[in-house]
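Here the structure is laid out as structure tokens; the discussion comes afterwards.
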Amino acid sequence: MIRVGILGTGFGKYHAELYKKIEGFDIVSIFGRNAEKLNQIGRELNINTTANIDEIVNNPDIDLLDICLPTELHSKWAIEGLKNKKHIFCETPVTFSVNEAEEIKQASQKYSKNVFVDLFIKFSTPHNTAIKYSKEGTLGSLINMRAYNSTSPRWGDLGLKNIIMNFHNHLIDFACEITGMPESVTASGMDFDGKSIITSTLKNKDNFAVLESNSCLPESYPFSIGFELVFTKGTIRYDAIYGDYTDEKFIVFENDMPAEILKLDEKDDYEESLRHVLQCIQNDIKSPLLDIDAAINTVRVKDMILTSFNNT
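With our numbering applied, the sequence shown corresponds to residues 185 to 496, in that order.
Next up, the structure:
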């Protein structure tokens, strides 16, 4: 049984609900600063709560520290957890800076504990399927890819800074998994008072990726995601909208073959991420998908995007 301590009652509550569903996890306690919210979570989920963060971080009975605190606090508490011999599951973005992310990695190596970053898009069934196609080489070598996400400003402030950190970062992670770290990045975007649009191009010697995030849509517009991967022997296209009207379609176009519409299993991306973490801890292996190195790559590309803005 993997015993879990959770820091944060915002997204942390959702994590707690997922841990309760997965056999193999046991929640020891959840930390928060709001007494009313803690009491509510304790009643609803029948778990222990605390307003003292040290009760969780210093607890030797906890195996996995789940960090759902604001991003600026991730580095401090991830390192404290590692010092106290705990594996770490950290929400994304892992940090705002590469240096802080590297410090987490160094602590992970020093204390021989794994750091998992919730790069959950890799456990989205369509994205995971596309990654498998790419790695298996079924459709040949990748030539280029395009990926997007679009939303109304229902998530609060999604100006350029926030949209890069909270939406575009998922596209960056997906692209890096498919194409590897880019050799160069160019980006352009515009801010519209809490709304924004950004397009970035990640170039390598043999391929490139074009990524777009847009939060300028009207309130009635559904959350939309999609991608197109062009290979030497075929193409994959995926488009989905989620809202009052939900629809998604994953199509494989293989050279000299009829187009194939795949029926994808419906799974919770976040739940699948945690199941993967459980498997990695139980088998004492590093994650090939949620590893701190992948998260660091995402932060590096984010910095390359910001540098491109500053140079234009």
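Glycine included, every Cβ here is placed at the ideal spot set by N, Cα and C. Note that this is a predicted model, so its numbers are computed, not measured.
- Segment contact: the segment 389-396 against the segment 284-293, fewer than three CB-CB distances shorter than 8 Å; contact not assigned.
- Note on Ala-314: 16 or more other CB atoms within 10 angstroms of its CB, so buried under the neighbour-count rule.
- In this model, Ala-285 and Pro-472 are separated by some 17 Å (Cα to Cα).
- With 16 or more other CB atoms across the displayed protein chains lying within 10 angstroms of its CB, Leu-344 is buried.
- Nearest to Ile-231 by C-alpha distance, out of Ser-336, Leu-355, Asn-223, is Asn-223.
- Here the alpha carbon of Ile-214 sits roughly 12 Å from the alpha carbon of Glu-201.
- The C-beta of Gly-324 has fewer than 16 other C-beta atoms within 10 Å across all chains shown, which makes the residue exposed.
- Between the alpha carbons of Val-394 and Tyr-429 lies a gap of roughly 27 Å.
- Around the beta carbon of Ser-368, fewer than 16 other beta carbons sit within 10 angstroms, so the residue counts as exposed.
- By the C-beta criterion, the segment 449-465 is judged to be in contact with the segment 186-204, since at least 3 inter-stretch pairs fall below 8 Å.
- For Val-282, the CB contacts under 8 Å within the same chain, skipping 5 residues up- and downstream, are Ile-480, Val-483, Arg-484, Asp-487 in chain order.
- Assignment of Arg-338 by DSSP, reduced to helix, strand and coil, places it in the helix class.
- Contact annotation: Leu-303 and Ala-331 have beta-carbon atoms that are not nearer than 9 Å.
- If you look at His-352, you'll find it isn't in any beta strand (DSSP E); DSSP assigns it neither H nor E.
- Distance between Gly-427 and Ser-408, taken at the CA atoms: about 9 Å.
- Taking 9 Å as the cut-off, the Cβ atoms of Ser-404 and Ser-380 do not count as close.
- Pairwise C-beta distances place the segment 433-442 out of contact with the segment 334-350, as fewer than three of them are shorter than 8 Å.
- Between the alpha carbons of Ser-296 and Glu-239 lies a gap of roughly 22 Å.
- For the 9 Å CB-CB criterion, Cys-274 and Ile-190 do not form a contact.
- Sorting Val-461, Phe-493, Thr-491 by C-alpha distance to the C-alpha of Asp-247 places Val-461 at the top.
- Here DSSP, grouped into helix, strand and coil, assigns Val-278 to coil.
- Excluding five sequence positions before and after Gly-378, the CB atoms of its chain that fall closer than 7 Å to its own CB belong to Pro-337, Asp-341, Leu-342, Gly-343, given in chain order.
- Arg-187: member of the beta strand (DSSP E) spanning 186-191, first to last residue.
- Around the Cβ of Thr-491, a 10 Å sphere holds fewer than 16 other Cβ atoms; the residue is exposed.
- Beta-bridge pairing by DSSP links His-271 to Leu-248.
- In the three-state reduction of the DSSP assignment, Lys-316 falls in the helix class, which pools H, G and I.
- Under the 10 Å beta carbon count, Ser-259 is surrounded by 16 or more other beta carbons and is classified as buried.
- Judged by DSSP secondary structure, Gly-196 falls within the alpha helix (DSSP H) whose first and last residues are 195-205.
- In this chain, the beta strand (DSSP E) harbouring Ser-408 covers 407-415.
- Boundaries of the beta strand (DSSP E) harbouring Glu-444: 444-446, taken from the DSSP string.
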